[in-house]
Structure formats: C-alpha cells, structure tokens
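In my numbering, the protein residues as written are 71 to 175.
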C-alpha cells in the first residue's frame with residue numbers, strides 16, 4: 071500500500087487514488103462505515119453478524135467519494151470474527167458495500 075502526501079507550507083493533502091491509513095478507528099464516521107458494512111453483508115448473505123469494532127483501515131480518495139478498506143470485528147454466534155470490508159462512500163450521500171471477506175477467526 072503506497073502512501074503519497076504533498077506538503078506545501080502548513081498545508082498537507084493526500085493525492086487522489088492513494089491509500090492512506092486511518093489514524094483514528096474510533097472516529098464516529100469510521101464506525102458508521104464499519105457498522106454499515108456489517109449490516110449490508112447481513113442483508114446480502116442473510117447472516118446475523120453483530121458489529122463490534124473497526125480494528126484498522128485505510129481510505130482512498132476517488133473522483134466522487136471515498137473508498138474505505140476496513141478490518142472489522144463482528145460477533146458471529148458469540149464468537150468474535152474478523153472481516154475485511156470494502157465500502158464506497160459517495161459524495162452524493164450513498165454508500166455501497168464492495169467486498170466483505172472473513173480473514174481470521
């Protein structure tokens with residue numbers, strides 16, 4: 071995962087298309103994206119996972135929004151399991167689950 075940042079004086083920006091690690095995984099918007107991923111997966115796969123937390127993640131700025139790649143912890147029948155979830159968060163106000171895969175547990 072390459073990270074490119076541009077520094078101009080006191081101004082810093084991430085270039086579009088580059089993945090940047092999420093520093094604060096307890097940020098309310100990041101938690102909202104993680105919970106959305108689990109909820110959407112439950113709808114699509116007809117499962118009953120319960121969102122627990124975002125463990126780590128990265129963001130990628132794209133033309134009309136932000137891609138999130140998160141590792142989320144979710145309860146599955148009383149057991150914590152870990153999933154890699156991809157979510158597209160549009161600047162138009164909608165979200166789309168792009169991937170959801172069990173990685174540990």
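Each residue gets a CB set at the ideal place from its N, CA and C atoms; glycine is no exception. Quantities reported herein were computed from a predicted structural model and do not represent experimental measurements.
Give a yes or no on whether the C-beta atoms belonging to residue i and residue j are separated by under 8 Å.
i: residue 102; j: residue 167; result: no
i: residue 126; j: residue 136; result: no
i: residue 138; j: residue 157; result: yes
i: residue 170; j: residue 153; result: yes
i: residue 113; j: residue 150; result: no
Given this structure, state the Cα-to-Cα distance separating residue i from residue j, to the nearest angstrom.
i: residue 120; j: residue 133; result: 32 Å
i: residue 161; j: residue 144; result: 27 Å
i: residue 155; j: residue 148; result: 20 Å
i: residue 78; j: residue 159; result: At residue 78 the pLDDT is 43, less than 50, meaning the model places this residue with poor confidence and gives no usable figure here.
i: residue 97; j: residue 117; result: 26 Å
For the putative contact between residue i and residue j, defined by C-beta atoms under 8 Å, what is the C-beta separation to the nearest angstrom?
i: residue 100; j: residue 94; result: 7 Å
Whose C-alpha, out of the options, is nearest the C-alpha of residue i?
i: residue 172; options: 118, 141, 92; result: 141
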